[in-house]
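Encoded as structure tokens, the structure appears first; notes follow it.
Below is the structure:
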């Protein structure tokens, strides 16, 4: 298991309170495959779409419903949270690579929507960096404090970037853009 994001991190990401119990570990594990298994934009897009489906399935499980209507206002914050949990250190580069080497048909329909969500998530992390949530010099990464070890793991969470990341202003966590 990849652990969980703290309630504070979910709040910063904009996850509505009613769905903060959603388990994003499968979506985060799927997103990790972008870095470990994917070699081309099509494979990366497949992982993004699978992560999106994992988020929707997790919402259904958390709300105990087989058919759940999910709005973009709920899906985007959960996608951002799953990316934060996955902690891909090169997510900006992945986005640039996908945008540069996509085929024309990739930007239509669900694939285009998913790519736009990835772009919005990268911009969110960048804004958090500029607002001082992430230490200077560490772009699009998440503070170690955003993750809590899950009960079945040992006492350390080793999936975050190697660089030590700290909050600049832990007492000022209102993320208004």
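Numbering (UniProt numbering), first residue to last: 1 to 177.
Even glycine gets a Cβ: it sits at the ideal position worked out from N, Cα and C.
Quick caveat, the model's predicted, so the values are computed rather than measured.
- In this chain, the alpha helix (DSSP H) harbouring residue 73 covers 72–86.
- Residue state for residue 63 is assigned as coil, using DSSP reduced to three classes.
- Three or more Cβ pairs drawn from the stretch 85–95 and the stretch 18–33 lie within less than 8 Å of each other, which places the two stretches in contact.
- DSSP places residue 20 in the coil class of the three-state scheme, outside both helix and strand.
- Spatial neighbours of residue 118 in its own chain (CB-CB distance under 7 Å, excluding positions within 5 residues in sequence) are listed in chain order as 48, 95.
- From the listed residues 107, 54, 109, 77, the smallest Cα separation to residue 123 is found for 77.
- Nearest to residue 11 by alpha-carbon distance, out of 74, 56, 37, is 74.
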